[in-house]
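Q: Okay, handing you the structure first.
Protein chains: 2
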Amino acid sequence: MGVTLERDIRERFRRSGYTLTSQRKAVLEALGESRGHPSAEDVYLLVKKKNPRVALGTVYQALSVLEEIGVIGAKHWSESPTRYDLNVEPHLDIRCLGCGAVSEIPGVGLGDLEDRLRAATPYEVTHAAVVVEGLCPACRAAG
Amino acid sequence: MGVTLERDIRERFRRSGYTLTSQRKAVLEALGESRGHPSAEDVYLLVKKKNPRVALGTVYQALSVLEEIGVIGAKHWSESPTRYDLNVEPHLDIRCLGCGAVSEIPGVGLGDLEDRLRAATPYEVTHAAVVVEGLCPACRAAG
DNA sequence: CTCGCGAATAGGAACGATTACTGATCACCG
DNA sequence: CGGTGATCAGTAATCGTTCCTATTCGCGAG
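Here it is in structure tokens:
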């Protein structure tokens, strides 16, 4: 599993022409370690633990490259920085307006939505995302 | 139609406890006049034409209030400021990665997606949005 | 294995969007 | 009308992100 991932990622780097550097590997590792959907700052702090010399800008650039070659996904929310995710399959994420936590909604896909929207627009669709906001059980209880 | 809208909006203001000021009316008018999905800056410039003394911060605060009481909708994109919209019904908007224009995808709703996600999560869902990115015909032709 | 070159990095400054602050002004109930 | 709490104009500050430049690194050619 780890080896397969590694091989796929190396392949994507080779095809894209980008260099697979230690910093970019570290960013990928940090994303794997973190449970939720970390922000660039979260990733930066994790990477910094092992290599204190990394720059925040490098993390942003690495995340941008990794997203471009299709290894990670990014989602944008109100009142929150961009969150990153190793899951690149179309899926639904929900963010709690109380505590800010982002988690995946398991078992619910986009269905035929992507096909329907491709049929209904003359645009060349490159990317579709669903962002959901609400209150998690704990925050709902806290009022 | 205009009168009905007006009445509904007054009602929403009354119920929420917010004040219906001339600036907030002007922001609503600007949203009605503008064809597409304006940013806060776009709205600010439109409002400023009639009342040059309005402050950008006031426009932001007005947009925030109007969104809170359900009179307008907001959507967040990558590489673009937040765009606002008089259409509060669930619908799909697409943004061109080339020219930045945002437009509605007509005839495509969320379908049963909202029901399915409510059934699949313990969260209290308050808001769901679909953001789509791609290339408009003109930008695709321009390569 | 070593060299050399173009890509990537560290560190920090700059930027754009948005929010926060403060004294003056306004909307609205009585 | 008159008072009062909400809102506003103007501006400073914040936050996430991008940009810049000299230095370092990855990696293919030899």
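First to last, the protein sequences are chains A and B. Each number in this note's numbering comes from the position in the first sequence (counting from 1) with 7 added on. Each number in this note's numbering comes from the position in the second sequence (counting from 1) with 7 added on. Note that CB positions come from ideal geometry on N, CA and C, so glycine has one too. Only a predicted model underlies this, so the values are computations on that prediction, with no experimental measurement involved.
1. Kindly indicate if chain B contains any beta-carbon less than 8 Å away from that of Glu131 of chain A.
2. Just reading off the beta strand (DSSP E) that Glu131 of chain A is part of, what are its end residues?
3. Can you list the residues of chain A that Gly118 of chain B reaches, using a CB-CB cut of under 9 Å?
4. What do you get for Cys103 of chain A, buried or exposed, if any count of 16 or more other CB atoms within 10 angstroms of its CB means buried?
5. In the DSSP assignment, what residue or residues form a beta bridge with Ile101 of chain B?
6. Could you work out which residue in B:Ile79, B:Ile112, B:Leu27 and B:Leu117 is closest to Val50 of chain B when comparing CA atoms only?
7. Between Val139 of chain A and Leu99 of chain A, how many whole angstroms is the CB-CB distance? I'm expecting something under 8 Å.
8. Who are the Cβ neighbours of Ala135 of chain A in its own chain at under 6 Å, not counting the five residues just before and after it?
9. Looking only at its chain, what residues have a beta carbon closer than 7 Å to the beta carbon of Gly43 of chain B, apart from the 5 residues adjacent to it on each side?
10. Return the Cβ separation of Leu38 of chain A and Val115 of chain B in integer angstroms, given the expectation that the two are a contact with Cβ distance under 8 Å.
11. Determine, using beta carbons only, whether Gly77 of chain A and Val95 of chain A come nearer to each other than 8 Å.
12. Report the three-state DSSP secondary structure of Ser85 of chain A (helix, strand or coil).
13. Check whether chain B comes within 8 Å of Thr28 of chain A, counting only Cβ atoms and requiring the distance to be less than that.
14. Between B:Ala81, B:Gly105, B:Val137 and B:Gly141, which lies nearest to Thr128 of chain A when the distance is taken from Cα to Cα?
15. Three-state secondary structure (DSSP) at Arg60 of chain A?
16. According to the Cβ coordinates, are Ala69 of chain A and Arg19 of chain A closer than 8 Å?
17. If we ignore side chains and look at the alpha-carbon of each, how far apart do Cys106 of chain A and Pro144 of chain A end up?
18. Can you pull the chain B neighbours of Pro144 of chain A, defined as C-beta to C-beta under 8 Å?
19. Return the CA-CA distance between Glu40 of chain A and Ala33 of chain A, expressed in angstroms with no decimal places.
A: Working from what's here:
1. Taking the first sequence and counting its residues from 1, one reaches residue 131 of chain A at position 124. So yes, Glu131 of chain A belongs to the interface.
2. Position 124 of the first sequence holds residue 131 of chain A. Counting along the chain, the beta strand (DSSP E) containing Glu131 of chain A begins and ends at Glu131 to Leu142.
3. Against the second sequence, residue 118 of chain B aligns to sequence position 111. Near Gly118 of chain B (Cβ distances below 9 Å), the residues of chain A are Gly118, Asp119, Leu120 and Arg123.
4. Position 96 of the first sequence, counted from the start, is the residue given in the question as residue 103 of chain A. The residue in question, Cys103 of chain A, is buried, as its Cβ has 16 or more Cβ neighbours within 10 Å.
5. Numbered from 1 along the second sequence, position 94 holds the residue referred to as residue 101 of chain B. Answer is B:Ser110 and B:Val139.
6. Along the second sequence, one-based indexing puts residue 50 of chain B at 43. Minimum Cα distance to Val50 of chain B is reached at B:Ile79.
7. Mapped onto the first sequence, residue 139 of chain A falls at position 132. Mapped onto the first sequence, residue 99 of chain A falls at position 92. At roughly 6 Å, the Cβ-Cβ gap stays under 8 Å, so Val139 of chain A and Leu99 of chain A are in contact.
8. Within the first sequence, the letter at position 128 stands for residue 135 of chain A. These residues qualify, in order along the chain: Glu121.
9. Mapped onto the second sequence, residue 43 of chain B falls at position 36. Excluding residues within five positions, the ones whose Cβ falls inside 7 Å are Ala108, Val109 and Ser110.
10. Locating residue 38 of chain A in the first sequence gives position 31, where the first residue counts as 1. Locating residue 115 of chain B in the second sequence gives position 108, where the first residue counts as 1. Not a contact, Cβ separation roughly 32 Å.
11. Position 70 of the first sequence holds residue 77 of chain A. Position 88 of the first sequence holds residue 95 of chain A. Taking 8 Å as the Cβ cut-off, Gly77 of chain A and Val95 of chain A qualify as a contacting pair.
12. As a position in the first sequence, residue 85 of chain A is number 78, starting the count at 1. Ser85 of chain A falls in the coil class under three-state DSSP.
13. On the first sequence, position 21 is the one that residue 28 of chain A refers to. With 8 Å as the cut-off, Thr28 of chain A does not count as an interface residue toward chain B.
14. Walking along the first sequence from the start, residue 128 of chain A turns up at place 121. The shortest C-alpha separation from Thr128 of chain A is found at B:Gly141.
15. For the purposes of this step, residue 60 of chain A is taken as residue 53 along the first sequence, with counting starting at 1. If DSSP states are grouped into helix, strand and coil, Arg60 of chain A belongs with coil.
16. For the purposes of this step, residue 69 of chain A is identified with residue 62 of the first sequence, where counting begins at 1. For the purposes of this step, residue 19 of chain A is identified with residue 12 of the first sequence, where counting begins at 1. Taking 8 Å as the Cβ cut-off, Ala69 of chain A and Arg19 of chain A do not qualify as a contacting pair.
17. Along the first sequence, read from residue 1 onward, the residue named residue 106 of chain A stands at position 99. Along the first sequence, read from residue 1 onward, the residue named residue 144 of chain A stands at position 137. Answer to the nearest angstrom: the Cα atoms are 11 Å apart.
18. Taking the first residue of the first sequence as 1, we reach residue 144 of chain A at position 137. Simply Pro129 and Tyr130.
19. Within the first sequence, numbered from 1, the residue matching residue 40 of chain A stands at position 33. Within the first sequence, numbered from 1, the residue matching residue 33 of chain A stands at position 26. Their backbone Cα atoms lie some 10 Å apart in a straight line.
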